[in-house]
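Shown next, in structure tokens, is the structure this report addresses.
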Amino acid sequence: MENLPTTMKSERRWRSKPLQTTKPSLVMAFFSCLAWLYVAGRLWQDAENRKLLTNLLYKNSLQRPKVLTVEDKLTVLGCRDLERRIVEAEMDLTLAKSQGYLNNQLQQSKSSSGQRLLAVIGLYTGFGSHLKRNVFRGSWMPKGDALRKLEERGVVIRFVVGRSANRGDSLDRNIDKENRTTKDFLILEGHEEAQEELPKKVKYFFSTAVQKWDAEFYVKVDDNIDLDLEGLIGLLDRRRGQDGAYIGCMKSGDVISEEGKPWYEPDWWKFGDEKSYFRHAAGSLLILSKNLAQYININSASLKTYAHDDVSMGSWMMGIQATYIDDNRLCCSSIRQDKVCSLA
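Just so we're aligned: 9 in full-length UniProt numbering is position 9 of the sequence shown, and the numbers increase by one with no gaps anywhere.
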């Protein structure tokens, strides 16, 4: 019995030892759990943040244009003001050109006295008209020194021709060779010399002539007539200083609406039910004052051409303040004795 308390004490000590050894382990386990939960929470939060950012970037990339437009680039670069100033400068340039304040691309020629020329006469010709040109040079049209002396009086005469569809071919080379000898051509570099392009030739002629020469009048002459040159010079000299002058043998013929017939007009339906053209100068010989020639030069890109060059010219004159001058002396088929032209 004496040993009983001792035995019980020993058992209690033995049983209390496990409790003392497991307590730190539980504390460590508890802190480990907390650390694991914290790390797991951070990892989850980071994953959610990355997912949210990825979604936002994807949505933004869908809304943003993949290719910037010109407007966007101008906005980014701050060039809108520059664009506006360029437009204003182009408008000022056109206005200055129309008012005669702009130096032309071609040096304008005057008479030997330094005064404005009386007239520039453009005589239409083609690649195959060499013999006809020689006939004119031997009849009413001066050549060589006589042509230079006429220019000193204030009258320039040039054969007017365009370029071949095959630039630089034998047709172009032959014209250039002839011009080097005679020096009496006005070559329209931007015009293709072809029958179907004839209505456009009148635009190129007046535009080029008004840039190259400063004259009172610009005259277009077909190669199927002969001129009384002195009679024409006298007629024009009496009309010096007359702005807005549209001079010629005025007519208004029938509009041919049947395809395949001579003088067929593809735009016949624009001329009304009566099918007659408006009043216009016959194409054999027509004259414009300088300001009207300048009008054609400035607006040539937007001026519509019809099947015939004289009709085209008449349509341009209808919309502006042109003074129509119907002179029977310019009717080449007339029987008047004092006419200045006749059929060749």
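We put the CB at the ideal spot given by N, CA and C, even for glycine.
Distance between beta carbons of residue j and residue i, contact taken as under 8 Å
| i | j | result |
| --- | --- | --- |
| residue 131 | residue 142 | That belief does not hold up - the Cβ atoms of residue 131 and residue 142 are roughly 19 Å apart, past 8 Å. |
| residue 281 | residue 250 | 6 Å |
| residue 161 | residue 125 | 5 Å |
| residue 156 | residue 187 | Their Cβ separation, rounded to whole angstroms, is 15 Å, which puts residue 156 and residue 187 out of contact at 8 Å. |
| residue 340 | residue 235 | 6 Å |
| residue 123 | residue 158 | 7 Å |
| residue 320 | residue 247 | Going by Cβ atoms, the distance from residue 320 to residue 247 rounds to 15 Å, so no, they are not a contact pair. |
| residue 252 | residue 277 | 5 Å |
| residue 330 | residue 288 | Residue 330 to residue 288, Cβ: 13 Å. No contact. |
| residue 127 | residue 192 | Going by Cβ atoms, the distance from residue 127 to residue 192 rounds to 11 Å, so no, they are not a contact pair. |
| residue 201 | residue 309 | 7 Å |
| residue 323 | residue 244 | 5 Å |
Boundaries (first-last residue) of the beta strand (DSSP E) holding residue i
| i | result |
| --- | --- |
| residue 288 | 280–289 |
| residue 159 | 155–163 |
| residue 323 | 323–326 |
| residue 226 | 225–227 |
Reduced DSSP category for residue i - H, G, I as helix; E, B as strand; rest coil
| i | result |
| --- | --- |
| residue 213 | strand |
| residue 348 | It is not possible to answer for residue 348, since the shown part of the chain is limited to 1 through 344. |
| residue 332 | coil |
| residue 196 | helix |
| residue 255 | coil |
| residue 344 | coil |
| residue 127 | coil |
| residue 54 | helix |
| residue 220 | strand |
| residue 303 | coil |
| residue 234 | helix |
| residue 48 | helix |
| residue 419 | Outside the displayed span of the chain (1 to 344) sits residue 419, for which this structure offers no information. |
| residue 295 | helix |
| residue 339 | coil |
| residue 276 | strand |
Top-ranked residue by Cα proximity to residue i, from the options
| i | options | result |
| --- | --- | --- |
| residue 216 | 241, 228, 229, 224 | 241 |
| residue 205 | 145, 257, 56, 300 | 300 |
| residue 231 | 183, 39, 328, 196 | 328 |
| residue 213 | 297, 134, 270, 245 | 297 |
| residue 118 | 85, 271, 153, 137 | 153 |
| residue 218 | 233, 225, 226, 228 | 233 |
| residue 222 | 278, 323, 129 | 129 |
| residue 211 | 139, 292, 170, 305 | 292 |
| residue 385 | 333, 322, 342, 196 | The requested residue 385 does not occur in the structure, where the chain is confined to residues 1 to 344. |
| residue 185 | 323, 137, 85, 29 | 137 |
| residue 303 | 238, 335, 203, 27 | 203 |
| residue 332 | 269, 135, 227, 243 | 227 |
| residue 255 | 244, 243, 181, 269 | 269 |
Terminal residues of the alpha helix (DSSP H) in which residue i lies
| i | result |
| --- | --- |
| residue 174 | 170–182 |
| residue 150 | 145–152 |
| residue 314 | 309–318 |
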